[in-house]
Amino acid sequence: MTTRVPGNNSKATEQAPPPANRPPETGTISLEEAEELAHIGSWQWDAASGDITWSDELYRIYGLRPGKKALDYGSFMQLIHPEDRDKINKLIDEAYRSKRPFGFEHRIILPDKKIRTLGGQCKVVTDDAGNVIRVLGTSQDITERKKSDQALYRSNERFQAVLAATNDLVYDLDLPSGTIWFNDVLSREYKYPKQEAPHPRGWRVSHIHSDDKMRIKRSLDALLRSDDMTWVEEYTFLKYDGTPVDIRDRAFVLRDIEARPIRVIGSMLDITRQKELERAKDRFISLVSHQLRTPLTSMRLLAEMLAAGQAEPITPSQQEYVQKIESSTKRMIELVNEILNVSNIESGQLHLRLVQTDINSLIQGQIDEVTPLTAENNIRIVYEQLANIPPVDVDPILFRQIVHNLLTNAIRYTAAEQTIVQVKFQRTDKEYMLTVSDKGIGIPEEAWPHIFTSFYRANNAVKTHGDGTGLGLYLAKLILDLTGGKIWFESEEGKGSTFYVSLPHGGMRHAQDNTLAAVGGT
Amino acid sequence: MIASAYKLGLTHHGFEIIIARDGREALAVITQHRPHIVLLDVIMPHMTGIEVLAAIRENPALQTLPVIILSNLDQPDDIARANELGAKAYLIKANLSLKDLVAHIQDAIETGM
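Chains as they are written, first to last, in our numbering: chain A, 160 to 681; chain B, 967 to 1079.
This is the structure in structure tokens:
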């Protein structure tokens, strides 16, 4: 340990500090009171004697009872955390050498073994010859501040690490300053030149592909006018060299106390690969389905011509076989159509073509079309129609598909002979409602939650009818969900099922916030 | 295969049928034989059915010729373009019985373009 007894004891250039217990002047507080209030202790070290004098508050900070007796340097060092003792020695050496004021920070060990961190400032007092005669200082407990500084540091460190580790382009749009900041991904992955200053506010949108730019601009404007906290959009963003990147952008809006947006912080995820796979899947389904249609068309035509005796007259049993070929072919065409429809709707390619439609004749047309299927079981379809309904705005192809799927299900799953399938079209105060009831096998309760799921078929349906696709109800629900309608059912196993379809009085319409609207709206 | 099946079926219903094997041949056949109606597929060698339809409409002599698109492809763009060019109908082959097709043809010939 360094010896701290300087040999020179010449005259001080500065008056000794006023005693700490000087009586207070009127209207002011004593130094002692001020220290106590601020939890700041003070000390002075006399170079000649090596004694250290503490203020009462400093004793309290060290967890000791205030004492009048000066401490020697060795006793002082015992109170300092062993790992910081060397640091204190070096600081004092440096103070002796430079004679300049300095700040310090060190840990102490309290009598109850707790460790606290102190921080403070010192000043070195010298005589005319420049010899140190005294060192004065203040100390205060900065343990809590250190902790929160460390927490802040760690949190910032974590934030920086996340920004460095991610491949997402993260941005911070600051509305008051009209600027937008990006993480390094902008230069690392998107190859834009590095720059220190943030970009102007509109920079991100101006680098969105022109096909999407206006849509995103409108969507962002709407976000800022709304009370929404979150925002998700997909668009094509351009790299520095113009390469398009499919992006899913998720943002969070920070608002002031009056809910005015002040910052939008978001991350742009590159979903190019996912989009490519989706497109490949769509192309594959479309290609396969269209390719399947061609041979099926030939089979259908030729079977129809054979059955009509167009080639040459055929026997009744030949007729029966050919008709079975024909109906199987139609069934397969129907399956291909359903798969194509589902694929188109799921990929957002459904174009709603609304036509003022006479619903009665549409439903009657579908009943006529499925009537041949009822022959086997002698099922009768009873249509209770609503007289004098004005034409309803629907996409006739899609609505026909829904009616067709409900009717064929009702017929297919009616096991008994000579029963009735009831079809009803009503107008209530709120909506139009189509009801299709059968007295068939019904839907077992465990199947209820899955009945509108694609490729799902209830156990009893699979056993009695192997040929269903499990797409009919899914497709009906998909169409109705996207066009403002609803579908639901009531059923009891063994007793039958009733399916309900409701449409608003205004008919089908583009539902908000879905793939249809996205297609229709751009 | 399908074309010959259609020819068989439609001949049976009393129509006289000329088959062209691609888009260019179709245009030549149409100009030369002046049929009462044209059934066009979309996917054909050299020229698509939509392109043939556009070429038909560019010929002043053929502007009122009834045309039905008969395809297994149902891309919304094609359907919209066919409607713009005044096709009488856009029919999906697989969804159509011979009887339906005959009804469409008769209707198109009667009502004209």
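C-beta atoms are modelled at their ideal positions from N, C-alpha and C, and glycine is treated no differently. Bear in mind the structure is a predicted one, so any value in this text is a computation, not a measurement.
- The C-beta distance from residue 634(A) to residue 501(A) rounds to 6 Å, short enough to fall under 8 Å.
- Ranked by Cα distance from residue 516(A), the first of 346(A), 253(A), 558(A) and 542(A) is 558(A).
- Rounded to the nearest whole angstrom, the CA to CA distance from residue 263(A) to residue 246(A) is 9 Å.
- The stretch 535-544 of chain A and the stretch 565-584 of chain A touch, with no fewer than 3 CB-CB distances between them shorter than 8 Å.
- DSSP places residue 377(A) inside the alpha helix (DSSP H), whose first and last residues are 369-384.
- When the five nearest sequence neighbours on each side are left out, the beta carbons in the same chain lying within less than 7 Å of the beta carbon of residue 254(A) are those of 261, 281, 283 and 294, in order along the chain.
- Taking a C-beta cut-off of 9 Å against chain B, the contacting residues of the stretch 462-474 of chain A are 463, 464, 467, 469 and 470, listed in chain order.
- Separation of the CB atoms of residue 459(A) and residue 1060(B) is rounded to 7 Å, and the pair is thereby assigned contact status at 8 Å.
- Note that the C-beta distance between residue 662(A) and residue 593(A) is below 9 Å.
- Distance between residue 415(A) and residue 421(A), taken at the CA atoms: about 6 Å.
- Among the residues of chain A, none has a CB under 8 Å from the CB of residue 1070(B); the nearest is roughly 14 Å distant.
- Following the DSSP letters along the chain, one finds residue 407(A) inside the beta strand (DSSP E) bounded by residues 403-414.
- Only exposed fits residue 355(A), as fewer than 16 other CB atoms lie within 10 angstroms of its CB.
- When secondary structure is reduced to three states using DSSP, residue 1055(B) falls in the strand class.
- If only uninterrupted alpha helix (DSSP H) runs of at least 4 residues are considered, those enclosed by the stretch 290-360 of chain A are 302-324 and 344-347.
- One thing to note: residue 411(A) has its Cβ no nearer than 9 Å to the Cβ of residue 349(A).
- Three or more beta-carbon pairs separated by less than 8 Å are not found between the stretch 376-391 of chain A and the stretch 336-351 of chain A, which leaves the two stretches without contact.
- Contact annotation, residue 214(A) with residue 200(A): C-beta distance approximately 5 Å; criterion of less than 8 Å satisfied.
- Relative to residue 403(A), the option among 435(A), 468(A) and 318(A) whose CA is nearest is 435(A).
- The beta carbon of residue 489(A) sits closer than 7 Å to those of 459, all from its chain and outside the five residues before and after it, given in chain order.
- Using a CB distance cut-off of 9 Å, residue 669(A) does not count as an interface residue toward chain B.
- Contact of residue 972(B) with chain A is assigned, a C-beta pair being separated by under 9 Å.
- By DSSP's assignment, residue 397(A) forms a beta bridge with 403(A).
- Shown here for residue 448(A): same chain residues with a beta carbon closer than 7 Å to its own, the five before and five after excluded, namely 495, 498 and 499 in chain order.
- Comparing alpha carbon positions, the residue from 638(A), 602(A) and 629(A) closest to residue 651(A) is 602(A).
- Around the Cβ of residue 373(A), a 10 Å sphere holds fewer than 16 other Cβ atoms; the residue is exposed.
- Not a single CB atom of chain A sits nearer than 9 Å to the CB of residue 1055(B).
- Judged by DSSP secondary structure, residue 1017(B) falls within the alpha helix (DSSP H) whose first and last residues are 1015-1024.
- By the Cβ neighbour-count rule, residue 297(A) is buried, with 16 or more other Cβ atoms within 10 Å of its own.
- Close to chain A, meaning a Cβ-Cβ distance shorter than 7 Å, are the following residues of the stretch 1035-1060 of chain B: 1038, 1039, 1042, 1059 and 1060.
- If you look at residue 204(A), you'll find it in the beta strand (DSSP E) that goes 199-205.
- Going by beta carbons, residue 504(A) and residue 637(A) fall inside the 9 Å limit.
- One Cα belongs to residue 595(A), the other to residue 668(A), and the distance between them is close to 23 Å.
- Residues are counted here when their Cβ sits less than 9 Å from a Cβ of chain B; for the stretch 325-357 of chain A the count is zero.
- Under the Cβ criterion of 9 Å, residue 978(B) is counted among the residues facing chain A.
- For residue 525(A), the three-state secondary structure derived from DSSP is helix.
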